[in-house]
Amino acid sequence: MKLGYVSLPGRGANDLFLARVADALRSKLRLCGTVQTNIDRADRRKCDMDLQLLASGDVLRISEDRGALARGCTLDRGVLAQAVALSEAALPGAELLIVNKFGKAEGEGQGFAPLIAEALSGAVPVLVGVNGLNLPAFEAFADGLAEALPADPARVIDWCLKARLPHAA
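Just so it is clear: in the sequence shown, position 53 is 56 by the numbering used here, and no numbers are missing.
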């Protein structure tokens, strides 16, 4: 069972990092899961959030546009559930699951948390982005089984390639 995570400082840093890693791995591994793109808008306080499904390339908008003065989380949990279902359908045959963010939903045992557990129980390695706010919930979820990975794309790519091998420790 291989579970690795990155936790980089700065808004959107995990998203950019994981997208770069996924781009480098597309020709080497069968991927499933998601990477996130944040799109700032001059007329909104909150950015638009899109998830790219790695197995198909499809893009889903996971943020709700609640107006220019919206505060708080704008996550559309229904679209998140759709992204999870589509990723779950792509899990058979996948060699790596990438989850853009272990967030509040995952900390509550929802979102991608069940799919992460399913992947690991099926010997599919998992790479997750975790921000500092959600790190304690992720560590509780991982129960000591997760490996913190460095902010070095080459080393994370190498970890991903080695993690998919049956004999990888």
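Ideal placement from N, C-alpha and C gives every residue a C-beta, glycine not left out. Being a predicted model, the structure only gives us computed values, none of them experimental.
For Ala140 and Gly110, the gap between their C-alpha atoms comes out near 5 angstroms. Between Ala58 and Ala84 a beta carbon distance of about 17 angstroms is seen, past the 8 angstroms cut, so the two are scored as non-contacting. Remark: C-beta atoms of Leu6 and Leu138 do not approach each other more closely than 8 angstroms. For the pair Ile160 and Val24, the CB atoms are nearer than the 8 angstroms cut-off. Under the three-state reduction of DSSP, Ile101 is assigned to strand. Rounded to whole angstroms, the Cβ separation of Phe105 and Val87 is 13 angstroms, and the two are not in contact under 8 angstroms. With a beta-carbon spacing of about 6 angstroms, Leu54 and Gln39 fall inside the 8 angstroms limit used to define contacts.
Put simply, the backbone Cα of Pro95 is about 31 angstroms away from that of Leu136. For Asn137, the three-state secondary structure derived from DSSP is helix. DSSP places Gly60 outside both helix and strand once states are collapsed to three, so it counts as coil.
One thing to note: Cys163 has its Cβ no nearer than 8 angstroms to the Cβ of Leu56. Here Leu152 has Gly7, Tyr8, Val9, Leu130, Arg158, Val159, Trp162 as same chain residues with Cβ atoms under 8 angstroms from its own Cβ, once five neighbours each way along the sequence are excluded. Beta bridge pairing from DSSP links Asp155 with no other residue. The shortest CA-to-CA distance from Leu99 to any of Gly112, Glu142, Leu123, Asn134 is the one to Leu123. Among the bridge pairs identified by DSSP, Val38 is matched with Gln55. In summary, Ala116 is buried, with 16 or more beta-carbon neighbours lying within 10 Å of its beta-carbon over all protein chains present. Taking C-alpha positions only, Asp51 is separated from Leu19 by approximately 15 angstroms.
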